[in-house]
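Let me begin by presenting the structure, written as structure tokens, before commenting on it.
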Amino acid sequence: MDHALKPSFWTVVPQIRTVTRPERKPGRAPVFIHDAVTPWGRETLLLKLLREQAADQEE
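Count along the sequence shown from 1, add 546, and you get the number used in my numbering.
What follows is the structure in structure tokens.
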């Protein structure tokens, strides 16, 4: 009267891929803006340009 379970019950089931969209590509590497850290007097070049643009817009 001993009944054993079928071996297929105990085997590991492989993961089924259910996603239909294409796989995501890895993101691009970050861009280093050299002007953001280039010293320009007491501030950086980028900060100086941004302040000048803001002053022009206020006028």
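C-beta atoms are modelled at their ideal positions from N, C-alpha and C, and glycine is treated no differently.
Compare the beta carbon distance of residue i and residue j with 7 Å and say whether it is the shorter of the two.
i	j	result
D602	L591	no
In three-state terms, what does DSSP make of residue i?
i	result
M547	Caution is warranted here: a pLDDT of 49 is assigned to M547, below 50, making its placement in the model unreliable, and the coordinate value is therefore given only provisionally. Of the three classes helix, strand and coil, the one that applies to M547 here is coil, per DSSP.
E589	strand
K594	helix
E569	coil
E605	coil
A575	coil
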